[in-house]
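Read through the structure below, which is laid out as structure tokens, and then see the notes.
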Amino acid sequence: MTTLEDIFDSPRTGRPIVMGILNVTPDSFSDGGSFASPASALERARRMLDEGADVIDVGAESTRPGARRVSADQQMARLRDVFPAVVATGAAVSVDTTLATVASFALEHGAAIINDISAGRDDPAMLPLAASRDAGLVLMHRLGEPATMQRAPVYGDVVADVRAFLFQRVEVARQAGVRAERIILDPGLGFGKTAEHNLALLAGVAEFVRLGFPVLIGASRKGFLGALTKGTNPADRVHATVAAHVTACLSGATIFRVHDVAAARASLDVAAAIRKPSRT
């Protein structure tokens, strides 16, 4: 099984880390309601591991455009029977939440990583919690709130603006005691960005890699890919997702959050081999 150290060593080794998405929600944009029961969630987690996932990212709150907040109590109720069972598979598990109470629950039940799409801004207790538990921490850029973030987002230079934000949040996290060796950066594709913004961020992945932390890319099945391919059904965006993630891999990103694990594992392993050919 992949360890936390394997994940954070991925920029050096070049091995792509595939993070399988497990939404235990009724309303996620691509698979809402499909894995809400403990049995279906555990079956999904096991299948993703069989297909080559390194991490299972479990979320109990949809953050799709237009989504409304879900309380900590409701998130934990959705996670209570699922999370320990997923951890029991032996996989590295992350929790997708912006609330420290939920993150603490997950850490107590074996989570290794906190995937915080607010980069510690939604809950002031999140960064001290991550520091105290020496947990992995994903800091993601998000413009506005999920309910409103896609209403005409504007940037001066989207790559420069997102890079500056991530750099600033790294500094805040480190001041809170989070070790640099536990930080992952995510430019936040689809979170307050137009299709043009998302494409610019994919083209500019190397700028985020230069900050010196593992870079996570989550383009999986997202709407901007559908806009490019005229694919209205998220499940039909697998090939477009592969293209986006391979492009990011060739620019140095090493962690990829995906719905379709088998396609990601095969395509990213090939991309990594091209990027870092054998010297033997």
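Residue numbering for the sequence shown follows the working numbering, beginning at 57 and increasing consecutively.
The C-beta atom is built at its ideal place from N, Cα and C for all residues, glycine as well.
Remember, predicted model here, so these are calculated numbers, not experimental data.
- Listed in chain order, the non-local C-beta contacts of Leu281 below 8 Å within the same chain comprise Ala275, Gly287, Arg293, Ala296, Thr297 and Ala300, local neighbours out to five positions each way being set aside.
- Met104 sits in a helix when the DSSP states are folded into three classes.
- Around the CB of Lys332, fewer than 16 other CB atoms lie within 10 Å, so the residue is classed as exposed.
- Non-local beta-carbon contacts of Phe223 in its own chain, meaning distances under 8 Å to residues more than five positions away in sequence, involve Leu267 in chain order.
- Rounded to the nearest angstrom, the gap between the Cα atoms of Cys305 and Gly244 is 16 Å.
- By the criterion of a C-beta distance shorter than 8 Å, Gln131 is surrounded in its chain by Ala116, Glu117, Thr153, Leu155 and Val158, once the five residues flanking it on both sides are discounted.
- For Ile73, the secondary structure class from DSSP, reduced to helix, strand or coil, is strand.
- Around the beta carbon of Gly248, 16 or more other beta carbons sit within 10 angstroms, so the residue counts as buried.
- Gly192 places its beta carbon 8 Å or farther from that of Val261.
- Nearest neighbour of Val194 by Cα position, chosen from His165, Val215, Glu237 and Thr303, turns out to be Glu237.
- For Gly279, the three-state secondary structure derived from DSSP is helix.
- DSSP places Asn171 within a strand segment (E or B) once states are collapsed to three.
- By the Cβ neighbour-count rule, Asp129 is exposed, with fewer than 16 other Cβ atoms within 10 Å of its own.
- In the DSSP assignment, Ser150 falls within the beta strand (DSSP E) that extends over Ala148 to Asp152.
- Contact between Gly76 and Ala97 does not hold, since their C-beta atoms are separated by about 12 Å, which reaches or exceeds 8 Å.
- Residue pairing of Asp242 in beta bridges, as defined by DSSP: Met196.
- Rounded to whole angstroms, Ala328 and Glu201 show a C-alpha spacing of 34 Å.
- When only Cα atoms are considered, His315 and Val302 end up about 15 Å apart.
- Rounded to the nearest whole angstrom, the CA to CA distance from Ala95 to Met104 is 14 Å.
- Where Phe312 is concerned, the enclosing beta strand (DSSP E) starts and stops at Ile311 to Val314.
- Excluding residues up to 5 positions away in sequence, Ala156, Ala159 and Ser160 lie with their Cβ nearer than 7 Å to the Cβ of Leu185 in the same chain.
- Ranking Pro82, Ser150 and Arg136 by CA distance to the CA of Thr58 puts Ser150 first.
- Per DSSP, Asp113 is not a residue of any alpha helix (DSSP H); the beta strand (DSSP E) it occupies stretches across Val111 to Gly115.
- For Pro209 against His253, the beta-carbon gap comes to about 7 Å, under 8 Å, which counts as contact.
- Looking at the backbone, the Cα of Ser323 and that of Val74 are separated by about 11 Å.
- Rounded to the nearest angstrom, the Cβ distance from Val326 to Glu107 is 16 Å, too far for a contact under 8 Å.
- In the DSSP assignment, Gln130 falls within the alpha helix (DSSP H) that extends over Ala128 to Leu135.
- Under DSSP, Ile273 forms a beta bridge with Phe312.
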